[in-house]
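Written out below as structure tokens is the structure these notes cover.
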Amino acid sequence: MFEIYAEYLFLENFLMNFLILQITSYFGKYQGSIIKRFIGAGVGALYSFIIFFPSLHFFLTFSMKILISMLIIIVTFTPHKFKDFFKYLSIFYLVSFIFGGAAFALFYFTNFNAIMSNGIFYTNSISIKVLIYSTAFAYILILLCIKFVKYKILKEKLYKEIIIEFDKKRKEINALIDTGNSLEDPISKFPVIVVEYNAIEDILPENIKDIFQNDDPNKLERIVSTLKDTNWISRFRMIPFTSLGKENGMLIGFKPDSVEVINNGDKLNINKIIIAISTGKLSQNGDYKALINPDILV
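Numbering (the numbering used here), first residue to last: 2 to 299.
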């Protein structure tokens, strides 16, 4: 027989709610009074007493739980803007779900008695050590989840797909908006997109491919000699650059017919642009093969 004592029920749910609100405050960068977190945890703990009143069990429905969680957020954080309210509520749910998973794992791998029913937690044999371990475990999981979400959001914002067109040939390439890329053509002042040679070789003339594939140390002279009697010579560019370990570098580039940048579902067509060719890898894991000058999106 599992006996439930009101004082233990309140204390355990109060501690659990307080830990969840503390972690929510940390990740939500909330700087308010800790007293509000005590009050919010108290509201959640009092909610657990509903199991003693069958006539109030309608408060255990899904919609009522949503309302109670909103009340806890309002009492604890007093958000003045809807986006702040939504931020705290989202983090609160994420932390709660991870704590719930940690609790179930705790039940499975240990032998102490506990129940979790309708979102209400109760055990008659929990220790401070177990509580600390479960909190640390939940905290690490939350940290990893938030790091993953931030990475996905950052990737959506900084990674773009570009389509380079030259001589009726088109090439789609994954690109990264690089705030460190401020390169521009010294003659036209057009911004520069740096692209890996391997990603763009399909649209280059055959005689230019030979020069890059053989890694000719005299690329500049060879290209000038090869292109001087062709229409390509008017598109040929030399882009000076400075990087770590290389103060007076030079990239070979060309002016494409156009470049399309897929930006938030819209296609941005750019004509005043220069493509610089890099013989090295721009990304170690291959996530992107081009670096966009952010000025082209302004």
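Every residue, glycine too, gets a C-beta built ideally from N, C-alpha and C.
Here the structure is a predicted model, which means the values were calculated and not measured.
Original post:
Under the DSSP definition of a beta bridge, which residues are partnered with Y27?
Top reply: The partner list for Y27 (beta bridge, DSSP) is empty, contrary to what the question assumes.
Original post:
Counting Cβ pairs, one atom from each stretch, are 3 or more of them under 8 Å apart for the stretch 78-87 and the stretch 43-53?
Top reply: These segments do not touch.
Subject >> K82 classed as buried or exposed, judged by whether at least 16 other C-beta atoms fall within 10 angstroms >> reply: Of the other Cβ atoms in all chains shown, fewer than 16 fall within 10 Å of the Cβ of K82; this residue is therefore exposed.
**OP:** State the Cα-Cα distance for the pair L20 and S97, rounded to the nearest angstrom.
**Re:** If you draw a straight line from the Cα of L20 to the Cα of S97, it is about 10 Å long.
Subject >> I174 vs A291 beta-carbon contact at 8 Å >> reply: One thing to note: I174 has its Cβ within 8 Å of the Cβ of A291.
Original post:
So, do the stretch 199-218 and the stretch 260-268 have three or more beta carbon pairs nearer to each other than 8 Å?
Top reply: Proximity of the stretch 199-218 to the stretch 260-268 falls short of the contact definition, fewer than three beta-carbon pairs being nearer than 8 Å.
**OP:** For D267, write down the residues that DSSP places opposite it in a beta bridge.
**Re:** Beta-bridge annotation (DSSP): D267 is paired with N264.
Original post:
Just the Cα atoms here: how many angstroms apart are G266 and A42?
Top reply: Going by C-alpha positions, G266 is about 43 Å away from A42.
**OP:** Find out if the Cβ-Cβ distance for the pair R238, D186 is shorter than 8 Å.
**Re:** Yes; because the gap between Cβ atoms is below 8 Å, this pair is in contact.
Original post:
For F191, does the three-state DSSP call read helix, strand or coil?
Top reply: For F191, the three-state secondary structure derived from DSSP is coil.
**OP:** Since I believe Y198 is in contact with I278 (beta carbons under 8 Å), could you give me their beta-carbon distance rounded to a whole number of angstroms?
**Re:** A Cβ-Cβ distance of about 5 Å is found for the pair I278 and Y198, placing them in contact under the 8 Å criterion.
Subject >> 6 Å Cβ shell around I73 - same chain, five flanking residues per side excluded >> reply: Once the five neighbours on either side are set aside, the close Cβ partners of I73 are G41, V44, G45.
Original post:
Nearest-angstrom Cα distance between N18 and G29?
Top reply: When rounded, the distance between both Cα atoms is 16 Å.
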